[in-house]
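Residue numbers (the UniProt record's numbering): 1 to 168. Don't be surprised by glycine CBs; every beta carbon is placed ideally from N, CA and C.
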Amino acid sequence: MYYFKVQAHNEVDAGPYTKFINVSTTHENPVPLLCFTSTSGVRILDIDLQIEFKLDEYGTYEDIAYSALEHKFYGITNNETWMLMTWDFNASTIGTKPNLVKIADLDGPAYSLCIDWVARNLYWIYSTNIIIKLDLTLLQMGKVKYDNILKINGHSTSLNVLPSKGYM
Numbered sequence: 001m002y003y004f005k006v007q008a009h010n011e012v013d014a015g016p017y018t019k020f021i022n023v024s025t026t027h028e029n030p031v032p033l034l035c036f037t038s039t040s041g042v043r044i045l046d047i048d049l050q051i052e053f054k055l056d057e058y059g060t061y062e063d064i065a066y067s068a069l070e071h072k073f074y075g076i077t078n079n080e081t082w083m084l085m086t087w088d089f090n091a092s093t094i095g096t097k098p099n100l101v102k103i104a105d106l107d108g109p110a111y112s113l114c115i116d117w118v119a120r121n122l123y124w125i126y127s128t129n130i131i132i133k134l135d136l137t138l139l140q141m142g143k144v145k146y147d148n149i150l151k152i153n154g155h156s157t158s159l160n161v162l163p164s165k166g167y168m
């Protein structure tokens, strides 16, 4: 249950606040799920229902990315062997164990996983200075194809994609 006041604004001035309004996210738009990695694996929290789901199979994950279009998670494991994994996610079955699928073994450290949902590519940084691109359309057809697309001079710790603008 959330409580708040509302105030209208226009070019002239702001109006008065309303009385307190209460909204139950059970009946209105729910608060989105919170997904993050921790030392115990991937954790998914449903703040509204106060449910927590832990995915600790394959150990810890260096990074995760979620495709709302496909209802899929992608993750890079951070163990003695580095792997790129995927699994389907359905919020209504949050408590059930997902079917994890290994996409590829990675040769070494990888991080900063991000998804371009417009071009349907998955990107990550490999070994501190190489950006890798995985074609998700080909992956959907059963073909794993990833390429080195850029070697960075120096060390990079972060990668971001803005699909709506076509920026990486």
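If you draw a straight line from the Cα of S24 to the Cα of L33, it comes to about 16 Å. Judged by DSSP in its simplified three-state form, T60 adopts coil rather than helix or strand. Distance from the CA of H155 to the CA of N22, rounded to the nearest whole angstrom, comes to 49 Å.
If you ignore the 5 residues before and after T137, its C-beta comes within less than 6 Å of the C-beta of R120, all in its own chain and listed in chain order. A110 is a Cβ neighbour of W124, given a cutoff of 7 Å.
Where Q7 is concerned, the enclosing beta strand (DSSP E) starts and stops at 7-9.
Nearest to S38 by alpha-carbon distance, out of Q50, G15, L49, D63, is D63. For G75, the closest of Y167, K151, L100, T18 by C-alpha to C-alpha distance is L100.
Annotation for T37: the continuous beta strand (DSSP E) segment containing it runs 34-38. Annotation: K72 to S112 spans about 17 Å, alpha carbon to alpha carbon. In the three-state DSSP reduction, A110 falls in the strand class (E or B). Comparing alpha-carbon positions, the option among M85, V118, P98, K151 lying closest to L106 turns out to be M85. The beta carbon of I132 is closer than 8 Å to those of A110, Y123, W124, I125, Y126, Y146, D147, N148, I149 in its chain, skipping five residues each way along the sequence. Under the three-state reduction of DSSP, A91 is assigned to helix.
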